[in-house]
Amino acid sequence: SVQLAVTSKCAVGFSGAFPRAAMSLISKNDCVEILRSKLGDDHFQLEDFIFKYFEELLGFHANHAGLTIKAILNGTVKDFKFFVKTGSNNPEIKEKYWNVLRQFYKEHVFLTNLVKILQNFVEQKITADCYLSKLENVCVLEDLGGLGYETCHLEYPDMVHAERAVQAFANFHASAILNEEKTGVVLDEKYKDINYESLLFEYDKQPTENLLYSVDKGVRAVADKFFVHVSPEIRDSVFSKIRRRITETMVHSKKYRKVVCQGDAWGNNILFKYNNEGKPINAILVDFGCLRFAPPAMDIMQFMYLGTKSEFRTKYKSQIKDLYYDHLGSILSKNGV
Numbered sequence: 001s002v003q004l005a006v007t008s009k010c011a012v013g014f015s016g017a018f019p020r021a022a023m024s025l026i027s028k029n030d031c032v033e034i035l036r037s038k039l040g041d042d043h044f045q046l047e048d049f050i051f052k053y054f055e056e057l058l059g060f061h062a063n064h065a066g067l068t069i070k071a072i073l074n075g076t077v078k079d080f081k082f083f084v085k086t087g088s089n090n091p092e093i094k095e096k097y098w099n100v101l102r103q104f105y106k107e108h109v110f111l112t113n114l115v116k117i118l119q120n121f122v123e124q125k126i127t128a129d130c131y132l133s134k135l136e137n138v139c140v141l142e143d144l145g146g147l148g149y150e151t152c153h154l155e156y157p158d159m160v161h162a163e164r165a166v167q168a169f170a171n172f173h174a175s176a177i178l179n180e181e182k183t184g185v186v187l188d189e190k191y192k193d194i195n196y197e198s199l200l201f202e203y204d205k206q207p208t209e210n211l212l213y214s215v216d217k218g219v220r221a222v223a224d225k226f227f228v229h230v231s232p233e234i235r236d237s238v239f240s241k242i243r244r245r246i247t248e249t250m251v252h253s254k255k256y257r258k259v260v261c262q263g264d265a266w267g268n269n270i271l272f273k274y275n276n277e278g279k280p281i282n283a284i285l286v287d288f289g290c291l292r293f294a295p296p297a298m299d300i301m302q303f304m305y306l307g308t309k310s311e312f313r314t315k316y317k318s319q320i321k322d323l324y325y326d327h328l329g330s331i332l333s334k335n336g337v
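Each residue of the sequence shown is one higher than the last, beginning at 1 in UniProt numbering.
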């Protein structure tokens, strides 16, 4: 059984900021639960733990930290490293975005429940294992860096990276399709509590800080400056049609098959594992706070248009699309779908 012999340490990345808050996020009992979840038993003695915020900011809505737990197993002292995601320490971000968008709750349900079900239907690992999640507070995840995963070595992905990325998306999307086909459970109906949008909002229904409103407002301002030769009425009609099309197709689609989409498919949310020659051999998805139930093309389009250069898309867009559907089809056919 577990034995406790702990003197906790807290080191904080940004000039000693938030030490008290950091100390309250992870307790020795949490560490016991984390190790029990990771090891599958309680045959260890907890010795020590260190929680440290990263100096580099990795995202907008959350802060990130490392957790090292020292424990004795079979008479040997071992260090276990974890990746920790916490709510933003910035009061303004927390008030305007965190509390409104409810991304952490969505990710909590996904990591502690939904992805565990989906993983049963595919061989390739979908994302990091979750060992502890406290609603709206903290999430302790597997250290993917320890498994050899890292952000893309290039500023923008080349074709080899793109192929690994779309394979990861195809694997993820296939897990949702296989789950529904094999069980008859419609995921966006079963998980109604997380079937809400975290980024794409229509006018007057959500705060103006949210993405679609801001993007729409921004492109209209750019058009007013650089497309003065086009009448204001036509400009307004075009942008209004685009905005409606986004919400109809991606948020409220009744025409296209929906899967569980990662929802924020840009560079840092796709990690790669490299071989000794520096070639990417695998990819894995992270960060599901913007998860949505939408047509799978949503993730692929986001990946291409948010994460690659226009000249790359011009040359490889069709090839990337074919690679994605080939891999998706291969997984489904191997499973009799």
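Positions of the beta carbon are idealized from the N, C-alpha and C atoms, including for glycine.
Of the candidates Ala162, Lys254, Lys279 and Asn195, Ala162 places its Cα closest to the Cα of Lys309.
With respect to the C-alpha of Ile242, the residue from Trp266, Lys217, Thr314 and Phe272 having the closest C-alpha is Lys217. Just measuring C-alpha positions, the residue of Gln124, Lys106 and Cys31 sitting nearest Phe80 is Cys31.
In terms of Cβ geometry, Asp143 and Phe226 do not form a close pair [threshold 7 Å]. The Cβ atoms of Tyr324 and Val166 sit closer than 7 Å to each other. When DSSP assignments are scanned along the region 114-193, the uninterrupted stretches of alpha helix (DSSP H) that are 4 or more residues long and fall wholly within it turn out to be 115-118, 159-183 and 187-190. Going by DSSP, His64 is part of the beta strand (DSSP E) stretching over Ala62 to Leu73. By the beta-carbon neighbour count (other beta carbons within 10 angstroms, threshold 16), Arg245 is exposed. Put simply, the backbone Cα of Asp322 is about 28 Å away from that of Val185. Per DSSP, the beta-bridge partners of Cys261 are Arg292. Excluding residues up to 5 positions away in sequence, Ile284 lie with their Cβ nearer than 7 Å to the Cβ of Lys125 in the same chain.
In this structure, DSSP gives Ile242 a helical state, which the three-state scheme calls helix. Take the alpha-carbon of Lys106 and the one of Ser231: they are about 42 Å apart. Under the 10 Å beta carbon count, Gly278 is surrounded by fewer than 16 other beta carbons and is classified as exposed. Judged by DSSP secondary structure, Leu39 falls within the alpha helix (DSSP H) whose first and last residues are Lys28 to Leu39. Looking at the DSSP output, Asn282 shares a beta bridge with Lys273. For Thr76, the enclosing beta strand (DSSP E) starts and ends at Thr76 to Gly87.
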